[in-house]
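Enquirer: First the structure, then my questions, so here it is.
Protein chains: 2
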Amino acid sequence: MANQRQGEGAVPLWQLRPVGLVGLGLIGGSLGLDLQALGADVRGLVHRESTAVRARERGLAGTVSTDPGVLADCGLVVIALPLDRLLAPDSALLAAMPGDAVVTDVGSVKGPVLEVWGQRPGIRFVASHPMAGTAAAGVEAGEQGLFRGRPWVATPVDATDPGALDAVRELALAVGGRWLTCAPADHDAAVALISHLPVLVSAALLKAADRGGEGALAALVRGLASSGFADTTRVGGGNPDLGTLMARHNREALLAALALYRQEIAALEQLVQEGDWPELHLALLSTHELRPAFFAPPEPAPQELPG
Amino acid sequence: MANQRQGEGAVPLWQLRPVGLVGLGLIGGSLGLDLQALGADVRGLVHRESTAVRARERGLAGTVSTDPGVLADCGLVVIALPLDRLLAPDSALLAAMPGDAVVTDVGSVKGPVLEVWGQRPGIRFVASHPMAGTAAAGVEAGEQGLFRGRPWVATPVDATDPGALDAVRELALAVGGRWLTCAPADHDAAVALISHLPVLVSAALLKAADRGGEGALAALVRGLASSGFADTTRVGGGNPDLGTLMARHNREALLAALALYRQEIAALEQLVQEGDWPELHLALLSTHELRPAFFAPPEPAPQELPG
Numbered sequence: 001m002a003n004q005r006q007g008e009g010a011v012p013l014w015q016l017r018p019v020g021l022v023g024l025g026l027i028g029g030s031l032g033l034d035l036q037a038l039g040a041d042v043r044g045l046v047h048r049e050s051t052a053v054r055a056r057e058r059g060l061a062g063t064v065s066t067d068p069g070v071l072a073d074c075g076l077v078v079i080a081l082p083l084d085r086l087l088a089p090d091s092a093l094l095a096a097m098p099g100d101a102v103v104t105d106v107g108s109v110k111g112p113v114l115e116v117w118g119q120r121p122g123i124r125f126v127a128s129h130p131m132a133g134t135a136a137a138g139v140e141a142g143e144q145g146l147f148r149g150r151p152w153v154a155t156p157v158d159a160t161d162p163g164a165l166d167a168v169r170e171l172a173l174a175v176g177g178r179w180l181t182c183a184p185a186d187h188d189a190a191v192a193l194i195s196h197l198p199v200l201v202s203a204a205l206l207k208a209a210d211r212g213g214e215g216a217l218a219a220l221v222r223g224l225a226s227s228g229f230a231d232t233t234r235v236g237g238g239n240p241d242l243g244t245l246m247a248r249h250n251r252e253a254l255l256a257a258l259a260l261y262r263q264e265i266a267a268l269e270q271l272v273q274e275g276d277w278p279e280l281h282l283a284l285l286s287t288h289e290l291r292p293a294f295f296a297p298p299e300p301a302p303q304e305l306p307g
Numbered sequence: 001m002a003n004q005r006q007g008e009g010a011v012p013l014w015q016l017r018p019v020g021l022v023g024l025g026l027i028g029g030s031l032g033l034d035l036q037a038l039g040a041d042v043r044g045l046v047h048r049e050s051t052a053v054r055a056r057e058r059g060l061a062g063t064v065s066t067d068p069g070v071l072a073d074c075g076l077v078v079i080a081l082p083l084d085r086l087l088a089p090d091s092a093l094l095a096a097m098p099g100d101a102v103v104t105d106v107g108s109v110k111g112p113v114l115e116v117w118g119q120r121p122g123i124r125f126v127a128s129h130p131m132a133g134t135a136a137a138g139v140e141a142g143e144q145g146l147f148r149g150r151p152w153v154a155t156p157v158d159a160t161d162p163g164a165l166d167a168v169r170e171l172a173l174a175v176g177g178r179w180l181t182c183a184p185a186d187h188d189a190a191v192a193l194i195s196h197l198p199v200l201v202s203a204a205l206l207k208a209a210d211r212g213g214e215g216a217l218a219a220l221v222r223g224l225a226s227s228g229f230a231d232t233t234r235v236g237g238g239n240p241d242l243g244t245l246m247a248r249h250n251r252e253a254l255l256a257a258l259a260l261y262r263q264e265i266a267a268l269e270q271l272v273q274e275g276d277w278p279e280l281h282l283a284l285l286s287t288h289e290l291r292p293a294f295f296a297p298p299e300p301a302p303q304e305l306p307g
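The listed protein sequences correspond, in order, to chains C and U.
Following the numbering used here, the numbering of the first sequence begins with 1 at its first residue and continues without gaps.
Following the numbering used here, the numbering of the second sequence begins with 1 at its first residue and continues without gaps.
Quick look at the structure:
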């Protein structure tokens, strides 16, 4: 099949051809619900028959199978697997990729994904990352509207087919995502700072509160913990598999972020040690003023989903 | 006036005599609304006339004045001032304390408060700390039901009058608080771990993300920050006055908490440095399993508020 470049005004690939979803967890399942609401023909590939049964009940895809052959007619395939399985794809999955298909992923690191998938012959790969919540997982997790207003980052490289990039952009915009592109290393540095570092910062706080609250203090520490502690420890008490995978596959960027963090917490500790309250106040004033810049209201979603 | 010890079944002091609230911000204002809903006679003392006007409009107390004489008939006075003003009370306030009144505070550290207030002649002081949110502040912040199901900790010492402690307990229970008592040093160590340490941990994360996200990365870091980063940085981007006061007046306990924290984050960093993924997974599994213990469902409030 010849390349199908998507020009302005052309029918997007996700409308023109069936869309394959490999994995129907939070991201894959949510995509399946949104795309079907938009009229797409969605084919889901899952690992276990029990998952397939439940995915069919939930209507996550029009066709759901454990047989990779389900992807045969797809023009666009989204690999929505956990990072470890994405980075070590099994041969049956690779063999089942339809010739010349546009393939994208949803992994939370992009450098290692491009090493594995970027130069694979016979497919047109685009590395991408929809930044949607990760608290829920599995076949029950998918929900409609998950991507609305959330960043969907792609990291095109020299080898990336521009038509394939367009096709993924059209998919992201169709489900309401905010489309961004950047270099893979920049993506990985950014998520190290705002996603992977917070997991360890937050986990260390839980461990410190647990150690500091030993013995008679234990019940008190637990009884008094309230919303501030709950917020600050949420990601540190999250999914340990996910946290470990992120650290493992974004190790260099995470170590750079940790080195910066170590300096910053040491600087604050020194101000407390020295009793330099005017400087501590200035530091906390700067973070107070800094934070809103991270959470400026998102631009309106380019396209509204029905319903 | 003779001591009015509150026996079992006796009318609580907050019902028997007017209650004075010094300060009508989040804590004082909320107490005023709750106590009036329960039928109490509430007298509010505020600093500025403009605050008094607004407090009257909001109905935060039955009588609101800038004249300390408003406290004259009160049997129970709650000092609901910011920590710095609580620890350096002005002489007019001290002179206006009704003879033999039960006086309590709502400060977030207890050792320094007892040093200033614990041995003051002519009043019966009980150090206490209702653990209710601190995001909102000022005369608009008070809301009904703020204390329902939240810890209200008292730190009685040898000099504490048992009848006064009872009177404060009855007040806390009346507004739905979960009553706890502990030693002042234990309170201060616990809040250092679960309230004051998180502020610095979270502020350092904001500073690291800001420094790491300089130049071309800045827009990306800000554009990609999502719910995990928002949660983890919430308290670090909070009120800088409050954060500084907490550190200043709970310095020793905070330094002990910071020392523990530094060890814990260094241990996690070392696992990433060494690429010891099985150990990192165990560490994140332990925090995953640890966190729910801090947020066990609270016991039902001992007494329901009307409305």
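For every residue, glycine included, the Cβ atom is placed at its ideal position computed from N, Cα and C.
(1) Measuring straight from C-alpha to C-alpha, what distance separates C/A266 and U/A293?
(2) Does the distance from the CB of U/N233 to the CB of U/L254 come in under 8 Å?
(3) Leaving out five residues on either side along the sequence, give the residues of the same chain with a beta carbon under 7 Å from the beta carbon of C/K110.
(4) Is there a C-beta anywhere in chain U that falls below 8 Å from the one on C/I194?
(5) Determine the closest residue to U/L284 out of C/L260, C/G138, C/M97 and C/D241, with distance taken between C-alpha atoms.
(6) Just the Cα atoms here: how many angstroms apart are U/G223 and C/R178?
(7) Since U/A257 is in the alpha helix (DSSP H), which residue starts that stretch and which ends it?
(8) Could you tell me the boundaries of the beta strand (DSSP E) in which C/A154 lies?
(9) Considering only residues of the same chain and omitting the five flanking positions on each side of C/N250, which have a CB-CB separation below 6 Å?
(10) Mark U/A88 as exposed unless 16 or more other C-beta atoms lie within 10 angstroms of its C-beta, in which case mark it buried.
(11) For U/P98, does the count of other Cβ atoms within 10 angstroms reach 16, so buried, or fall short, so exposed?
(12) Can you pull the chain C neighbours of U/E57, defined as C-beta to C-beta under 8 Å?
(13) Is C/P18 near the ligand PLP - that is, is its Cβ less than 7 Å away from at least one heavy atom of it?
(14) Would you kindly report the start and end of the unbroken alpha helix (DSSP H) that includes C/S227?
(15) U/R124 bridges to which residues according to DSSP?
(16) Can you find a C-beta in chain C that's less than 8 Å from the C-beta of U/R124?
(17) For C/G243, which of C/V201, C/A256 and C/R262 has the nearest alpha-carbon?
(18) Apart from the five residues just before and just after U/P68, which ones in its own chain have a Cβ nearer than 8 Å to its Cβ?
(19) What does the alpha-carbon distance come out to for the pair C/S30 and U/A137?
(20) Could you tell me whether the Cβ of U/W14 comes closer than 8 Å to any Cβ of chain C?
(21) For U/T287, I'd like the list of residues in its chain whose CB is within less than 7 Å of its CB, leaving aside the five on either flank, ordered along the chain.
(22) Which residues in chain U sit within 7 Å of C/S202, going by Cβ to Cβ distance?
(23) Check each residue of the stretch 222-248 of chain U: if its Cβ is closer than 8 Å to any Cβ of chain C, include it; give the result in chain order.
(24) Counting Cβ pairs, one atom from each stretch, are 3 or more of them under 8 Å apart for the stretch 23-39 of chain U and the stretch 48-67 of chain U?
(25) List, in chain order, every chain C residue whose beta-carbon is nearer than 9 Å to that of U/W152.
(26) Residues of chain U with CB closer than 7 Å to the CB of C/T287, please, in chain order.
(27) What residues from chain U crowd round C/M97, counting only those whose CB sits closer than 7 Å?
(28) Measure the Cβ-Cβ separation of U/L290 and C/G237 and say whether it is below 8 Å.
(29) Determine the closest residue to C/P18 out of C/S50, C/K207, C/L165 and C/G62, with distance taken between C-alpha atoms.
(30) Going by beta carbon distance, what residues of the same chain come within less than 6 Å of U/V327, once the five residues before and after it are set aside?
(31) What do you reckon, are the CB atoms on U/A37 and U/Q144 nearer than 8 Å?
(32) Using the Cβ count rule (16 or more neighbours within 10 Å means buried), how would you classify U/L83?
(33) Using a Cβ-Cβ distance under 8 Å, would C/L280 count as near chain U?
(34) List, in order along the chain, the chain U residues whose C-beta lies closer than 9 Å to that of C/P162?
(35) Could you check what DSSP says for C/G163 in three-state terms: helix, strand or coil?
(36) Would you report the Cα separation of C/I123 and C/V103, rounded to the nearest angstrom?
Expert: Per the coordinate set shown:
(1) Position 266 of the first sequence, counted from the start, is the residue given in the question as residue 266 of chain C. Position 293 of the second sequence, counted from the start, is the residue given in the question as residue 293 of chain U. About 29 Å.
(2) Along the second sequence, one-based indexing puts residue 233 of chain U at 233. Along the second sequence, one-based indexing puts residue 254 of chain U at 254. According to the sequence as given, residue 233 of chain U is Thr; it is not Asn. Against a cut-off of 8 Å, the Cβ pair of U/L254 and U/T233 comes out as no contact.
(3) In the first sequence, residue 110 of chain C corresponds to position 110, counting from 1. Closer than 7 Å at the Cβ level, and outside the excluded window around C/K110, lie A127, H129, T155, P184, H187 and D188.
(4) Taking the first sequence and counting its residues from 1, one reaches residue 194 of chain C at position 194. At least one chain U Cβ lies under 8 Å of C/I194.
(5) Residue numbering aside, residue 284 of chain U sits at position 284 when the second sequence is read from its first letter. Here the closest residue by C-alpha is C/D241.
(6) Walking along the second sequence from the start, residue 223 of chain U turns up at place 223. Walking along the first sequence from the start, residue 178 of chain C turns up at place 178. Cα-Cα distance, rounded: 10 Å.
(7) Stepping through the second sequence from its first residue, residue 257 of chain U is reached at position 257. It spans R251 to E274 - the alpha helix (DSSP H) in which U/A257 sits, taken as one unbroken run.
(8) Counting from 1 along the first sequence, the entry for residue 154 of chain C is found at position 154. Where C/A154 is concerned, the enclosing beta strand (DSSP E) stretches over P151 to A154.
(9) Within the first sequence, numbered from 1, the residue matching residue 250 of chain C stands at position 250. Result list for C/N250: V109, D188, A192 and H196, in chain order.
(10) The residue given as residue 88 of chain U occupies position 88 in the second sequence. Per the 10 Å Cβ criterion, exposed.
(11) To locate residue 98 of chain U, count along the second sequence from 1; it is residue 98. The residue in question, U/P98, is buried, as its Cβ has 16 or more Cβ neighbours within 10 Å.
(12) Here the question's residue 57 of chain U lines up with position 57 in the second sequence. The premise fails here: U/E57 is roughly 29 Å from chain C at the closest Cβ pair, so nothing lies under 8 Å.
(13) In the structure shown, the ligand PLP is absent, as is every other ligand, since no ligand is present at all.
(14) In the first sequence, the residue the question calls residue 227 of chain C occupies position 227. Segment S227 to T233, the alpha helix (DSSP H) holding C/S227.
(15) Residue mapping note: residue 124 of chain U aligns to position 124 of the second sequence, counting from 1. U/R124 pairs with U/V102.
(16) To locate residue 124 of chain U, count along the second sequence from 1; it is residue 124. Output row for U/R124: interface = no.
(17) Taking the first residue of the first sequence as position 1, residue 243 of chain C is located at position 243. Among C/V201, C/A256 and C/R262, the Cα nearest to that of C/G243 is on C/V201.
(18) Sequence index remark: in the second sequence, residue 68 of chain U carries index 68 (1-based). Taken in chain order, the residues that qualify are L45, A92, L93, A95 and A96.
(19) In the first sequence, counting from the first residue as 1, residue 30 of chain C sits at position 30. In the second sequence, counting from the first residue as 1, residue 137 of chain U sits at position 137. Answer to the nearest angstrom: the Cα atoms are 40 Å apart.
(20) Counted from its first residue, the second sequence places residue 14 of chain U at position 14. For U/W14, the answer is no, since every Cβ of chain C falls outside 8 Å of its Cβ.
(21) Residue 287 of chain U sits at position 287 when you count from the first residue of the second sequence. Same-chain partners within the cutoff: there are none.
(22) Counting from one through the first sequence, the residue named residue 202 of chain C turns up at place 202. The answer, in chain order, is T232.
(23) R222, G223, L224, A225, S226, S227, G228, F229, A230, D231, T232, T233, R234, V235, G236, G237, G238, N239, P240, D241, G243, T244, A247 and R248
(24) yes
(25) By one-based count along the second sequence, residue 152 of chain U stands at place 152. For U/W152, no chain C residue has a Cβ inside 9 Å of its Cβ, as the nearest lies near 10 Å away.
(26) Within the first sequence, the letter at position 287 stands for residue 287 of chain C. Ordered by position in chain U, the residues that pass the 7 Å Cβ test against C/T287 are A203, L206, K207, G236 and G237.
(27) Stepping through the first sequence from its first residue, residue 97 of chain C is reached at position 97. Within chain U, no residue has its CB atom less than 7 Å from the CB of C/M97, the nearest being about 29 Å off.
(28) Here residue 290 of chain U corresponds to residue number 290 of the second sequence, with the count starting at 1. Here residue 237 of chain C corresponds to residue number 237 of the first sequence, with the count starting at 1. Yes; because the gap between Cβ atoms is below 8 Å, this pair is in contact.
(29) To locate residue 18 of chain C, count along the first sequence from 1; it is residue 18. Among C/S50, C/K207, C/L165 and C/G62, the Cα nearest to that of C/P18 is on C/G62.
(30) What is shown of chain U runs 1 to 307, which leaves residue 327 of chain U out entirely.
(31) As a first step, residue 37 of chain U must be located in the second sequence, where it is residue number 37. As a first step, residue 144 of chain U must be located in the second sequence, where it is residue number 144. Taking 8 Å as the Cβ cut-off, U/A37 and U/Q144 qualify as a contacting pair.
(32) By 1-based counting over the second sequence, the position of residue 83 of chain U is 83. Flag for U/L83 reads buried.
(33) For the purposes of this step, residue 280 of chain C is identified with residue 280 of the first sequence, where counting begins at 1. Chain U contact via Cβ: present.
(34) Here residue 162 of chain C refers to the residue found at position 162 when the first sequence is read from its first residue. By Cβ distance, chain U contributes nothing, its closest Cβ being about 21 Å from C/P162, past 9 Å.
(35) By one-based count along the first sequence, residue 163 of chain C stands at place 163. In this structure, C/G163 counts as helix in the three-state DSSP scheme.
(36) Mapped onto the first sequence, residue 123 of chain C falls at position 123. Mapped onto the first sequence, residue 103 of chain C falls at position 103. Cα to Cα, the separation comes out at about 7 Å.
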